[in-house]
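Listed in order, the protein sequences are those of chains R and H. Under this note's numbering, the first residue of the first sequence is numbered 1, with each subsequent residue one higher. Under this note's numbering, the first residue of the second sequence is numbered 1001, with each subsequent residue one higher. By construction, the Cβ of each residue, glycine as well, lies at the ideal position given by its N, Cα and C atoms.
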Amino acid sequence: MRARVFRNPWLPYVLVAPQVLITLVFFFWPAFESLRLSLFRVSPFGDRQVFTGADNFTRLFTSADYLQSIQVSFVFALGVTFLTLASSLALAVLASQKIRGRGVYRSAMLWTYGIAPPVSGIIWLFIFHPSYGLVPYLLSTVTAYELNWLLEGRIAMLLVILAATWARLGYGVAFYLAGLQSIPDSVLEAASVDGAGPVRRFWAITFPLLSPVTFFLFIIMMVFAFFETFGIIHAVTQGGPGNATTIMVYKVYLDGFVNLRLGLSAAESVVLMTMVIVLTMLQFRYTQRKVFY
Amino acid sequence: MKHVLGRSILAAALTLLAITGGGLAAPALAKTEIVWWHAHTGFLGERVMDLVNKFNASQSEYQVVALRKGTYAETLTAAVAAYRAKAPPHIVQVYEVGTQTMLSSGAVYPVYQLMADQGIKVNWDEYLSVVKSYYSKDGKLYSMPFNSSTPVLYYNKTILKKAGLDPGKAPATFDEIEKAARAVVSSGAAKIGFTVAWPSWTLAENAHAWHDQPFADKENGFADMATRLLINGEFGVKLWSMLARWQKEGLFTYSGRGSKGDQPIKNGDAAIGIASTGVIGSLVKTAKFEWGTGSLPRLAGYPQGNSIIGGATLWVMKGHKPAEYRAVAKFLEFLGQVEQQAWWHAETGYLPISTPALKHLERVGHFRKQPAMWTAFAQITSGRTTPNSQGIRLGDFVAIRAVIEAELENVLAGKKTAQQGLDTAVAKANDILKEFAALYR
C-alpha cells in the first residue's frame, strides 16, 4: 500500500504551482513567442508583421554568414570543452595528491567559477588588448611581434576560448575532485602491488572510472560554451574580427538586438532551442547507459 | 502565540502597503515627470546630468529623469522593447544610423508637430541646415538635434615633435598622413601612426561624402528609399587598398568598431586619428599632451564634398498623456536655447545646432580661445553640400554598418582585396535594403 504523504490531495499541486508558473511565464511563453515570430518578417517596433512561412529558416540556411556562425560555434564549443576537461582533470589530479596546503590550492582553483562571464571577459581584455593590454606590451618589448587580434580571427578565437575555459575551470575541477575521491583506494593499491606505475594507474583505472564525470562535464561544457558565453564574446571581441568569433548565440543578439531583425533572430533562437533539446536528450539517455563504470 | 505573530505580520504588511502606496501617489500630484533614455557615459554622461539638473531646478512643474540605457544600439533596442511592451520612455536618444528605422516606425511623435501642438514657437530656420536636413522628412524636423557631431582629424603635437615633424600644421591629405605616420612609427615616437574611431562612419560614409562620391542610390536614400550601395566604385577601392597597405606596413592601426578608436587618441597613443568632434571635450579636460585638430584628409584627384553629421538626436515617443507632452516640449525648448547650446558645445565639442548659439559663441570669443572647436565649422562651411554629402538615410543602417565594418576587417587583415571586401559588403547590404523595402512598401 502506498504511503500517504499529503493529507490534502490539493497540497502537492499548490506546492509545485509557483515553479510551474515561473517555467510557464519565463520559459514556455517566450519559447512559443519565438516559434511564432520565426514565421514572420517583423518591423522593429512591431507595427508590421508579414507572415512568411519558413522563409526565415531558408534564408538562414542559405546565408553564408549563418553557416559560418554554426562552424564558429562548434570550433569554439569543442575548443572550450576539451581544453576545460583536460586542464581541470590535470589540475584535479594534482590537487588530490597528498601535499602540504592542498586545501589552499583546491579553493584557489575553484575561485574563477565565481566570476561572471562578462567580468572574466573584461579581465582577459585588459590583459590582452592590443593597445592597452599587458601581454601585447611585454611581447612587443621582448620580441618584435605585434599581437593584434583585432584583425587576426584565429588569435581572437583562441583568446575567447582561453577566457571561457579559465572561467569554467573551477567547475570542472570541483567535479573531478569529487570523482577522484569516490575511486576506492584499495583498487589503486592493488594495481600498485601488481607493479603498475602512476601513469599506468591513471590511464587503466582512474580515467575509466571517471568517465561518468567526464561525460557529464562534456555535456555541461558544450551547453555552457554554446549558450552562456555571450558575456565573454561581447566583452572581448563583439563577434569580430570579420565574423570570426560570432557564435550562434552572439548572432541571435546581433540580428535581434542590434540590427532589429526580429523574425530572423527568432528563427535563429529556434534553431538553438532545438540544439539544447538534443543535447539534453543525449545527456538523459546516455549518462546511465553508455558510460563504463 | 501563533495568532499574535500572524497578526503582527499582517499589520506590518498593511503599513508597508500604505507607505509605498502613499509614496507613489504623492509626487504625481506635485510634478509631471518625464523619462529620457540616453547613451552617454563618463564625462559626457555627467554633462547630460548637468543639463537635466539645471532644467529641473529652473522650474517647479516638470521633472526630467535621465537614465543611461547602455550604448546607442542598446538604448535603441531598449526603446523598441519598451514601446512593444507599451511602456516607452518619453524621450529616447537615437544615433544617426537609426534615423530611417525611427522615421518608418510609426512610434514617434514628430518634434515639429509636438512643438506646434503645444503652441511653442521654434524658429526652425535658425537650425544649421546640415543638421536639420539629416533629420527632416518633407522639410519637417522629426527629431530634436542634441549631440550632433562630424568627424575631424586629431593629431598629437607632442608625438609629431618627437618624430621631428612640424607640429604647427595638421596633415591635410592622405599622402601627408602617410609621410607623417611613417616618420612617427620608424622613429619610434609612437606605436600608432594613424587610427580611426567608428570605422564605417569615418572610412566609408564620410570618406565618400567628403570626396563627393555617392554612398547609395536615390541620393543616398534622401530622394527615395535606397536600394543599392555604391561604395565598391573606384574611389572606395583606392582608399581601402591604401589602408590595407598601411595596416600591413604598420602605419595604420585598426582599433576596433564603434567608439573604440577614441581611446588611443584620447590616451595619446596615436599620432594621428579621425574621430567625432565629441572627443574634444575629454581632450580639453584630460589630455596630458599637446594636440590639435584639422579638417578631414583629402585624397588627390576627387572633387570637394562635405562631411556629414553623426551623433544622435532626441525622438519623442507616442503613447503618453498630453500633460506629459507639455513637459517634453518645455524640456526640448530649454535644450534649444542659446545658453544651453553654447554651454553644451563648449563643454563637449559637439556642434551647437542653431545659428544664434553659434553667433553667441563667436561674440564671446570662444573659438579664439578654443580653435580646435572651430575646425568642425570650418570644415562644414568650406565643404560643398551635394546630393552625395547631405547625409545618408538607409533602412536597417545599423545592420549595414556592421556588414561594412566586418568586411573592412577582412580587407585590413589581408584576407580579401579591397575590391572583394567592398563587393561583398555591397551585396550583403543590398539584401538588407531589399528586406527593409519589402516590409515598408
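Buried or exposed: which applies to residue 20 of chain R, given that a residue is buried once 16 or more other Cβ atoms fall within 10 Å of its Cβ? exposed
Quick check: the stretch 1225–1233 of chain H against the stretch 1304–1317 of chain H, are there 3 or more CB pairs under 8 Å? Result no; under three Cβ-Cβ pairs closer than 8 Å.
May I have the straight-line CA-CA distance separating residue 45 of chain R from residue 1342 of chain H, to the nearest angstrom? 35 Å
Determine the DSSP secondary structure at residue 1421 of chain H, reduced to helix, strand or coil. Judged by DSSP in its simplified three-state form, residue 1421 of chain H adopts helix.
Within the same chain, show all residues whose beta-carbon is closer than 8 Å to that of residue 87 of chain R, passing over the 5 residues directly before and after it, in chain order. Correct list, in chain order: 165, 169, 172.
Buried or exposed (CB count within 10 angstroms, at least 16 for buried), residue 143 of chain R: Exposed.
Since I believe residue 116 of chain R is in contact with residue 231 of chain R (beta carbons under 8 Å), could you give me their beta-carbon distance rounded to a whole number of angstroms? So it is a contact: roughly 7 Å between Cβ atoms.
Please confirm whether residue 50 of chain R has its beta-carbon closer than 8 Å to some beta-carbon of chain H. yes
When the Cα atoms are used, what is the spatial distance from residue 1417 of chain H to residue 1238 of chain H? 11 Å
Status (buried if at least 16 other CB within 10 Å, exposed otherwise) for residue 1053 of chain H: exposed
Closer than 8 Å, Cβ to Cβ, to anything on chain R: give me those residues from the stretch 1078–1103 of chain H, in chain order. 1080, 1083, 1084, 1101
To be precise: take each residue of the stretch 1385–1398 of chain H, compare its Cβ to all Cβ atoms of chain R, and keep it if any distance is under 8 Å. Which residues remain? Cβ contacts with chain R: 1396, 1398.
Let me check one thing: in DSSP terms, what residues is residue 1063 of chain H bridge-paired to? Per DSSP, the beta-bridge partners of residue 1063 of chain H are H:1033.
Interface positions of the stretch 29–58 of chain R facing chain H (Cβ-Cβ less than 7 Å), listed along the chain: 41, 43, 44, 45, 46, 47, 48, 50
Closer than 8 Å, CB to CB, is residue 69 of chain R near chain H or not? no
Taking 8 Å as the threshold, find out whether the stretch 1190–1204 of chain H comes into contact with the stretch 1260–1278 of chain H through three or more Cβ pairs. In this structure the stretch 1190–1204 of chain H lies against the stretch 1260–1278 of chain H, because at least three pairs of beta carbons, one per stretch, are closer than 8 Å.
Residue 1297 of chain H and residue 1377 of chain H closer than 8 Å at C-beta: In this structure, residue 1377 of chain H does not lie closer than 8 Å to residue 1297 of chain H by Cβ.
In terms of alpha-carbon separation, which member of R:178, R:205, R:182, R:176 lies closest to residue 190 of chain R? Comparing Cα-Cα distances from residue 190 of chain R to each of R:178, R:205, R:182, R:176, the minimum goes to R:205.
Taking 8 Å as the cut-off, decide whether the C-beta atoms of residue 235 of chain R and residue 122 of chain R are in contact. Yes, these two residues count as a Cβ contact at 8 Å.
Secondary structure, beta strand (DSSP E): runs of 3+ residues fully inside the stretch 1180–1264 of chain H: Taking 3 residues as the minimum length, the beta strand (DSSP E) runs contained wholly in the stretch 1180–1264 of chain H are 1192–1196, in order along the chain.
Under 8 Å: do the stretch 1267–1279 of chain H and the stretch 1347–1357 of chain H share three or more Cβ pairs, one atom per stretch? Between the stretch 1267–1279 of chain H and the stretch 1347–1357 of chain H there are three or more C-beta pairs closer than 8 Å, enough to call the two in contact.
Excluding the 5 residues flanking residue 1270 of chain H on each side, which residues of the same chain have their C-beta closer than 6 Å to its C-beta? 1192, 1195, 1264
Do the CB positions of residue 90 of chain R and residue 177 of chain R come within less than 8 Å of each other? In terms of Cβ geometry, residue 90 of chain R and residue 177 of chain R do not form a close pair [threshold 8 Å].
Whether residue 1094 of chain H touches residue 1312 of chain H by CB criterion (8 Å): Taking 8 Å as the Cβ cut-off, residue 1094 of chain H and residue 1312 of chain H qualify as a contacting pair.
From residue 1360 of chain H to residue 1338 of chain H, what distance separates their C-alpha atoms? 8 Å
Exposed or buried, what is residue 186 of chain R when buried is set at 16 or more other beta-carbons lying within 10 Å of its beta-carbon? exposed
Would you call the CB atoms of residue 1092 of chain H and residue 1037 of chain H closer than 8 Å? yes
By a C-beta neighbour count over all protein chains shown, 10 Å radius and 16 as the cutoff for buried, is residue 1368 of chain H buried or exposed? exposed
3-residue-minimum beta strand (DSSP E) runs that sit fully inside the stretch 1267–1295 of chain H, ordered along the chain: 1270–1276, 1291–1294
Using beta carbons (cut-off 8 Å, strictly below), is residue 1027 of chain H in contact with chain R? Below a pLDDT of 50, predicted positions are generally treated as unreliable, and residue 1027 of chain H, at 47, falls in that range; no measurement from the model is reported.
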